[in-house]
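Using this note's numbering, the letters of the sequence shown correspond one by one to residues 827 to 1002. We treat Cβ as the ideally placed atom computed from N, Cα and C, and that holds for glycine. Encoded as structure tokens, the structure appears first; notes follow it.
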Amino acid sequence: MNKKFKTIGIISIQASLIIVIGCMFGFYNNKEVSLRNQSTAQIGKIEGVYDKMWKVIQQKAQVTSEYKDAFKEIYPELISGRYSGESMMKWIQESNPEFDASLYKDLMQSIEILRTEFQHAQEKELDIIREHTNLCTTYPSKWFVSNKEPIEYTIISSTKSKATMKTGLDDDISVF
């Protein structure tokens, strides 16, 4: 009788281990697939944010440029038609049309906001990649993950930033 209980106990432990290992295998592989899917979606979001950023900046810049050109064209005509000869002194007292720089301020704010949104979208992708790499390289998850292929993503950056990262030098501090 004692041998029978011992056998049942060993079988129960083995069955429990198989169930636990099966659950861990399923959990870690589902997590890996989830991170890979999240990465794919995030890359799509990055493209959308990048597209939005450049369209908004370009279109606002066009509006600002058009306003500047229109103002430059009409301002001399307004002034020359109103003031000739002796009435030139009125110019000092009257309110004249002023160039509205708020379009430029709005453009600059849009650039800053959209570039920040783009940066955050890229940072989120890098966080997903970090989490995926950790899942595939740390214990115990690395024992159970089937697909350890790294998630590929190329950070969108400038030539200057790439050169700085390669050389480790950033000596250009000139603003203008």
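*Let me know if Ala-947 comes out buried or exposed under the rule of 16 or more other beta-carbons within 10 Å of its beta-carbon.*
buried
*How would you call Glu-924, buried or exposed, if buried means at least 16 neighbouring beta carbons within 10 angstroms?*
exposed
_Please report the straight-line C-alpha distance between Asn-960 and Thr-993, rounded to a whole angstrom._
28 Å
*Classify Glu-858 as buried or exposed, calling it buried when 16 or more other Cβ atoms lie within 10 Å of its own Cβ.*
buried
_Met-934 versus Gly-852 - alpha carbon distance_ = 49 Å
*Less than 9 Å separating the beta-carbons of Asn-855 and Val-1001?*
no
*Counting pairs of beta carbons, one from the stretch 936 to 950 and one from the stretch 862 to 875, are three or more of them closer than 8 Å?*
yes
*asked:* Less than 8 Å between C-beta atoms, sequence neighbours within five positions excluded: which residues of the same chain meet that for Leu-861?
replied: Ile-954, Glu-957, His-958, Leu-961 and Ile-977
*asked:* Quick test of your reading: Glu-951 and Gln-868, contact by CB under 8 Å. State the CB separation rounded to the nearest angstrom.
replied: 5 Å
_Proximity of Tyr-979 and Ser-865 at Cβ, strictly below 9 Å_ = yes
*May I ask which residues mark the beginning and end of the alpha helix (DSSP H) holding Asn-960?*
928 to 963
_Contact check, Cys-986 vs Asp-998, beta carbons under 9 Å_ = For the record, residue 986 in the displayed sequence is Lys; it is not Cys. For Lys-986 and Asp-998, yes; Cβs fall inside 9 Å.
*Return the chain-ordered list of same chain residues with a C-beta closer than 6 Å to the C-beta of Leu-929, the five sequence neighbours on each side being excluded.*
Thr-890 and Tyr-893
*Can Lys-871 and Ser-936 be called in contact, C-beta distance under 9 Å?*
no
*What are the uninterrupted segments assigned as alpha helix (DSSP H) that are 4 or more residues long and contained completely in the stretch 966 to 994, given in chain order?*
967 to 970 and 985 to 993
*Classify Phe-925 as helix, strand or coil using the three-state DSSP reduction.*
coil
*asked:* Quick check on Leu-843: buried or exposed, where buried means 16 or more other Cβ atoms within 10 Å of its Cβ?
replied: exposed
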